[in-house]
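Asker: Counting in the numbering used here, the sequence shown runs from -11 upward without gaps.
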Amino acid sequence: MKVRELNDRLMMAERAFTDRDGLSSRSWYKHLIYGPSRHDDYGSKSFPGVDDAIEEAKKLNTAESWRSVQHEVWRVSRVIRHASLVLCGQLT
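1. Checking 8 Å against the spacing of the C-beta atoms, do K47 and D39 come in under that value?
2. For a test of the three-state rule: what should DSSP assign to H27, helix, strand or coil?
3. When the distance is taken between beta carbons, is S56 closer than 8 Å to E44?
4. Thinking C-alpha only, which one of Q78, V67, G77 is nearest E2?
5. Rounded to the nearest angstrom, what separates M(-1) and P36 at their Cα positions?
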């Protein structure tokens, strides 16, 4: 594999981790894998949307809040799958 092709795939894989809608509570943050936490002012968080949804569901403990957690996990799994397809050369 040529260096340029590999670099292009890596760049597209990183872009695949973003979502145009952004995080549910902060739409200006587009990256679903790494981002700031609403609950911790220090550094970044892995899966910030999932983390935010879990914290909210723990507080509210309603069926709707737990469905939100499920939805955030689905969103993350979708972007990971997309990145996987990019890295395998199945998406360009």
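Glycine is no exception: its CB is placed at the ideal position from the N, C-alpha and C atoms.
Answerer: Here's the rundown:
1. No, the pair does not count as a contact, with Cβ atoms beyond the cut-off.
2. H27 falls in the coil class under three-state DSSP.
3. Yes.
4. Distance check between E2 and each of Q78, V67, G77 places V67 closest, using alpha-carbon atoms only.
5. So the alpha carbons of these two residues sit roughly 21 Å apart.
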